[in-house]
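Presented below is the structure to which this report refers.
Protein chains in written order, with my numbering: chain D, 496 to 1140; chain F, 619 to 742.
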C-alpha cells in the first residue's frame, strides 16, 4: 500500500521531469539544429566568396604575368622580328614563373607564331581555334577569365595537357543524364594581351592554367579558407571547380579516398546554378557525406555559364555539436529523473510515515487496543487526519467505557435480582404458612359479635398490617418468579392503549391527564402480553402517583436507533410525567427491589424491579431521565430482531 | 360435608379447621400424602384441600393417586409459592381449582363454595 503511494509519487515526478526533458530535448534540439545550420550556411556563403576571390585572383595573376611580359623591351623587339626561338625562351621563362600550363603568341586569327610545349613553332601557322586569343584579336583589348578549350587546341598546345583534360565520367545517380562517357575538353583560366606597336598589332600573347585535374586552386581555397581544419581525420572544408556539372578539380574524396574527379553534381543543383544562374546554399549529400554547401556559376569570357564553383563544410561536425548538446540535455533529463526518484522516495517516506503510523494505530484499534501510538503530529493535512483519528479514538474509548459500564450495571442488576429472587422465594414460602394462620384467626376473631370496639379496632389494625405483609410477599413472589415468557405476536400500540384504558378512571379521579401518542409503522413484536402489560401498568401507575392534580402523563411509542448496538433499530415506549421528578442520587437505586419513594404502606418497593425484570427478559432495557420538579421519563426499548429470553 | 385438608404445616391445618368447622363442615386433617391416601379409603371425604409442597411425597403425587382411585373427589390446590407452570401442572394432575396462600377465611370459603356448586351441578 505504501509502496503504491510511493511509486505513484515517484511516477508523477518522473513523468514531469521526463516531459520537461523530452520537450526541451525536442524543441531545444530543433532550435539548436536550425541555429547551427543557419550559422553554418552563413559561413559557407562567406567561404564561397573567399573561394571566388582566390579564383579571380588567380585569373588576375595570369593576366598580370602576361602583361608584364608584353611590356619587356626584349620581348617586343623579338616579336617585331618574329624571332621564334627568342620568344619561346622568354615564354617558357614566363610560364615557369607564373606557373602557366600553356602560353603562346598568335599573329592573327588562329595563326600561331610560337608556343611553349613540345612543338613550339608549328610548321603551319594555321592552328585550331584559340577562343581567348581570337576574342582579344577581335576586340583589340586584353581579355582574361575562364575559357573552355577544345581537346584539339589542348593537343596542339601539348598532348600532355590534352590527356590531363580528358576526364572519364563516373556514375552519379542523382546527376542529370549525359550520353558521353568522357569529357575531352578542358576548362582553363586564361588571359590574352594584344601587343601594339603604335596602331599596329604585333601579336597577341596568351597563356593560362588548365583547371582539369589541377588541385592548386581548390587546395588553396581549402588551406586558406578552412585553415586545414580537420574533423576525424578529414578536412572539414572542401572546394570544387565544376566544368559544366562535372567535377574537374576538387578535394572532395570518393569512398576509396581518391579525389572525386569525374563525378557529377545532382540535377537539382545543376538546374539551379547552371540553368538559372543563382547561388545555391543548402545542405546536400556530396559524393559520400552530408555537407553544408554553396555553389555559384562560373561564366566564361563570353558570359556563358560554363561551370560552377563550390565550397562545402562537412555537416558532421555541426551535427556533432548538436549531438553533444543533446547528449547534455539527455544527461540533465536523466539526472533530473534520478533526482525525481530520490526526491519521490524521500518525500513519499516523509509523507507516508505518519500515514503508516496511523494505519498501524488503526490496526491496533481494530485488534482492541484503544490507546494506540499515533506518533508526532504533522503540521499539514496529515496532522488534521491524525487529530481526527485521535478524536475518534477518544470517542471510541468513551463509548467503550460507557458500554462496559452499562453492561456491568446490567450484570450487577440481574445478579442482584437473581439473589434477591432466590431469597424472596424462600422467605415467601416460609412466611405464607404462618401468614395464613394470622389472617385466618384475625378474621375469625373479627367475626365475633361479643368484642368491644377497642378490641375490634386493634384486630382491624392487625388485619391491615397482615394484608400489607401479604402484599409485600406477593410482590416478592412476583419479582422472584422467573416465569417463562409466553410470547405471541403483539401490536404494541394496541397493548399500550388497552393498558392506558385500565388506568383512565384512576387518572380522571386524580385529575391527571393521560395521553397516548402512538408511533406509526411499528413492527409486530413477540411479547408475553400479560407480563409486559403488568410492567407497563406499573410504570403508568408510578407516573400517575408521581403527578399532582392538573399534571399530565404522556405515553408515546416510536421506532429509533439503538444507543448501544450501532445500526440496530429498537421500538421505544416512553412514559413521561410532569410529576415531582427523581433526585439524581436515587436514579441508580430505582430498579432495586424494596427501593421506594412512596410513603410507608403505599408501595412494596418491588414494582419497578419487577417491571425491569420483565423488560429485561424480553431483551429490552428501561432507562430514566428525570429532573426534580419537572418530571420523569421512563423509556422502554425493545429490540426488533434477536429478541432473547 | 366432609373435607380433608392435607398439609405438613400445623398452622395451616389449624387455620383451615377453624374456618371450615365454623362454617359447619366436617374436617379431617392429614399431614402427609401417604396418610391422606390411607384416610381417604376409610373416611371417604367429599373434597380435598391439598398443599403442593410437602416433604417425602408431594401434593402432585397425591393428586395423581386420588384422580386414579377416586376420580370424583374434587381437589383444591393450595400453594405459598406458585408459578403459572405449577398451576398449569396441578390442573393437569386433576386439581379443580387453586388457592394461593395466605388466604382469608372468606377467600377460602368462596373457593370451596364454587367447587361444591360445580360438583353438585355436573352438567356445568
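Don't be surprised by glycine CBs; every beta carbon is placed ideally from N, CA and C. These numbers come from a predicted model, not from an experiment.
### Task
Leaving out five residues on either side along the sequence, give the residues of the same chain with a beta carbon under 7 angstroms from the beta carbon of residue 550 of chain D.
Locating residue 550 of chain D in the first chain gives position 55, where the first residue counts as 1. Excluding positions up to five away in sequence, the list reads 712, 804.
### Query
What beta strand (DSSP E) runs, 3 residues minimum, are completely inside the segment 933–986 of chain D?
Counting whole runs of 3 or more residues, the segment 933–986 of chain D contains the beta strand (DSSP E) stretches 983–985.
#### Entry: Contact list for the segment 955–971 of chain D against chain F, Cβ threshold 9 angstroms
Going along the segment 955–971 of chain D in chain order, one finds 958, 961, 962, 964, 965, 968, 969 with a Cβ nearer than 9 angstroms to chain F.
### Query
Can you give the Cα-Cα distance for residue 908 of chain D and residue 882 of chain D, rounded to whole angstroms?
Start at 1 with the first residue of the first chain, and residue 908 of chain D comes out as number 413. Start at 1 with the first residue of the first chain, and residue 882 of chain D comes out as number 387. Spanning the two alpha carbons is a distance of roughly 38 angstroms.
### Task
Could you please tell me which residues of the segment 679–697 of chain F, in chain order, have their CB closer than 9 angstroms to any CB of chain D?
Contact residues of the segment 679–697 of chain F toward chain D are 696, 697 (C-beta to C-beta distance below 9 angstroms).
### Query
DSSP three-state call for residue 851 of chain D: helix, strand or coil?
Within the first chain, the letter at position 356 stands for residue 851 of chain D. Helix.
### Task
Express the C-alpha separation of residue 858 of chain D and residue 884 of chain D in angstroms, rounding to a whole number.
The residue labelled residue 884 of chain D in the question sits at position 389 within the first chain. The residue labelled residue 858 of chain D in the question sits at position 363 within the first chain. Distance between residue 884 of chain D and residue 858 of chain D, taken at the CA atoms: about 12 angstroms.
### Task
List the residues of chain D whose Cβ lies closer than 9 angstroms to the Cβ of residue 705 of chain F, in chain order.
Stepping through the second chain from its first residue, residue 705 of chain F is reached at position 87. Near residue 705 of chain F there are no residues of chain D at all, since even the closest Cβ is about 10 angstroms away, more than 9 angstroms.
### Message
I'd like to know if residue 924 of chain D contacts chain F, where contact means its C-beta is closer than 7 angstroms to some C-beta of that chain.
### Response
Looking up residue 924 of chain D in the first chain gives position 429. Yes - at least one Cβ of chain F is within 7 angstroms of the one on residue 924 of chain D.
### Limits of the unbroken beta strand (DSSP E) element including residue 745 of chain D
Here residue 745 of chain D corresponds to residue number 250 of the first chain, with the count starting at 1. In this chain, the beta strand (DSSP E) harbouring residue 745 of chain D covers 741–745.
### Residue range of the beta strand (DSSP E) that includes residue 1048 of chain D
Taking the first residue of the first chain as position 1, residue 1048 of chain D is located at position 553. Segment 1047–1056, the beta strand (DSSP E) holding residue 1048 of chain D.
### residue 1077 of chain D in three-state terms, based on DSSP
Walking along the first chain from the start, residue 1077 of chain D turns up at place 582. Coil at residue 1077 of chain D, not helix or strand.
### Query
Taking Cβ positions only, does residue 930 of chain D come closer than 7 angstroms to chain F?
Reading the first chain from its first residue, position 435 is the one you call residue 930 of chain D. At a cut-off of 7 angstroms, the C-beta of residue 930 of chain D has a neighbouring C-beta in chain F.
### Query
Any beta-carbon of chain D closer than 7 angstroms to the one on residue 627 of chain F?
Locating residue 627 of chain F in the second chain gives position 9, where the first residue counts as 1. Closer than 7 angstroms: yes.
#### Entry: Whole-angstrom distance between residue 618 of chain D and residue 1141 of chain D, CA atom to CA atom
Examination of residue 1141 of chain D is not possible in this model, given that chain D is present from 496 through 1140 alone.
### Task
Note down, in chain order, each residue of its chain lying with its Cβ closer than 7 angstroms to the Cβ of residue 1053 of chain D, except the 5 sequence neighbours on either side.
Position 558 of the first chain, counted from the first residue, corresponds to residue 1053 of chain D. Excluding sequence neighbours, residue 1053 of chain D sits near 1014, 1067.
### Query
Taking the alpha-carbon positions, what's the residue 840 of chain D to residue 896 of chain D distance?
The count along the first chain starts at 1 and reaches residue 840 of chain D at position 345. The count along the first chain starts at 1 and reaches residue 896 of chain D at position 401. Computed Cα separation, rounded: 42 angstroms.
### Query
Okay, do the segment 814–821 of chain D and the segment 744–762 of chain D touch, 3+ Cβ pairs below 8 angstroms being the bar?
They do not touch, by the three-pair rule.
### Message
For a test of the three-state rule: what should DSSP assign to residue 705 of chain D, helix, strand or coil?
### Response
Within the first chain, residue 705 of chain D is the residue found at index 210, counting from 1. Here residue 705 of chain D sits in strand by DSSP.
### Query
Could you give the residue range of the beta strand (DSSP E) that holds residue 697 of chain F?
For the purposes of this step, residue 697 of chain F is identified with residue 79 of the second chain, where counting begins at 1. Annotation for residue 697 of chain F: the continuous beta strand (DSSP E) segment containing it runs 693–697.
### Query
Going along chain F in order, which residues have a C-beta closer than 7 angstroms to the C-beta of residue 1019 of chain D?
Along the first chain, one-based indexing puts residue 1019 of chain D at 524. The contacting residues do not exist; residue 1019 of chain D stays about 23 angstroms from chain F at best.
### Task
May I ask which residues mark the beginning and end of the beta strand (DSSP E) holding residue 1012 of chain D?
Numbered from its first residue, the first chain carries residue 1012 of chain D at position 517. Taken as a continuous stretch (DSSP letters only), the beta strand (DSSP E) holding residue 1012 of chain D covers 1008–1012.
### Query
Quick one, which residues of the segment 633–654 of chain F are near chain D if we go by CB-CB under 7 angstroms, in chain order?
For the segment 633–654 of chain F, which is checked against every Cβ of chain D, the residues closer than 7 angstroms are 633, 636, 637, 640.
### Task
Assign residue 1064 of chain D to one of three DSSP states: helix, strand, or coil.
Within the first chain, residue 1064 of chain D is the residue found at index 569, counting from 1. Of the three classes helix, strand and coil, the one that applies to residue 1064 of chain D here is strand, per DSSP.
### Task
Note down, one range per segment and in chain order, each alpha helix (DSSP H) of at least 4 residues found wholly within the segment 545–622 of chain D.
The segment 545–622 of chain D contains these whole alpha helix (DSSP H) runs: 568–575, 579–593.
### Task
Can you give me, in chain order, the residues of the segment 664–679 of chain F that have a beta carbon less than 8 angstroms from any beta carbon in chain D?
Per Cβ criterion, the list reads 671.
### Query
What did DSSP end up calling residue 716 of chain F once you bin it into helix, strand or coil?
As a first step, residue 716 of chain F is located in the second chain; it is residue number 98 there, counting from the start. Judged by DSSP in its simplified three-state form, residue 716 of chain F adopts strand.
### Task
Please say whether residue 602 of chain D and residue 703 of chain D have beta carbons closer to each other than 7 angstroms?
What you label residue 703 of chain D is simply residue 208 of the first chain in a count that begins at 1. What you label residue 602 of chain D is simply residue 107 of the first chain in a count that begins at 1. Result no, Cβ atoms of residue 703 of chain D and residue 602 of chain D do not sit closer than 7 angstroms.
### Message
Looking at chain D, is there any beta carbon in it that lies within less than 7 angstroms of the beta carbon of residue 630 of chain F?
### Response
Counting from 1 along the second chain, the entry for residue 630 of chain F is found at position 12. Closer than 7 angstroms: yes.
### Message
Taking the alpha carbon of residue 1033 of chain D as the reference point, which residue from D:970, D:1005, D:987, D:1055 has its own alpha carbon closest?
### Response
On the first chain, residue 1033 of chain D is found 538 positions in, with the first residue counted as 1. The shortest C-alpha separation from residue 1033 of chain D is found at D:970.
### Query
So, helix, strand or coil for residue 731 of chain D, using DSSP?
The count along the first chain starts at 1 and reaches residue 731 of chain D at position 236. Three-state result, residue 731 of chain D: coil.
### Query
Between which two residues does the alpha helix (DSSP H) harbouring residue 681 of chain F extend?
The residue given as residue 681 of chain F occupies position 63 in the second chain. Run containing residue 681 of chain F: 677–687, per the alpha helix (DSSP H) assignment.
### Query
By the criterion of Cβ-Cβ separation under 7 angstroms, what are the contact partners of residue 920 of chain D in chain F?
Looking up residue 920 of chain D in the first chain gives position 425. At a C-beta separation below 7 angstroms, residue 920 of chain D has these neighbours in chain F: 699.
### Between the CA atoms of residue 664 of chain F and residue 732 of chain F - distance to the nearest angstrom
Your numbering for residue 732 of chain F matches position 114 in the second chain. Your numbering for residue 664 of chain F matches position 46 in the second chain. Their backbone Cα atoms lie some 14 angstroms apart in a straight line.
### Query
If you pair each beta-carbon of the segment 685–694 of chain D with each one of the segment 507–521 of chain D, do three or more pairs fall below 8 angstroms?
Using a C-beta cut-off of 8 angstroms, the segment 685–694 of chain D makes no contact with the segment 507–521 of chain D, since fewer than three inter-stretch Cβ pairs fall below that distance.
### Message
Distance cutoff 7 angstroms, beta carbons only. Does residue 729 of chain F sit that close to anything in chain D?
### Response
Along the second chain, read from residue 1 onward, the residue named residue 729 of chain F stands at position 111. Taking Cβ atoms only, chain D never reaches closer than 7 angstroms to residue 729 of chain F, which makes this a no.
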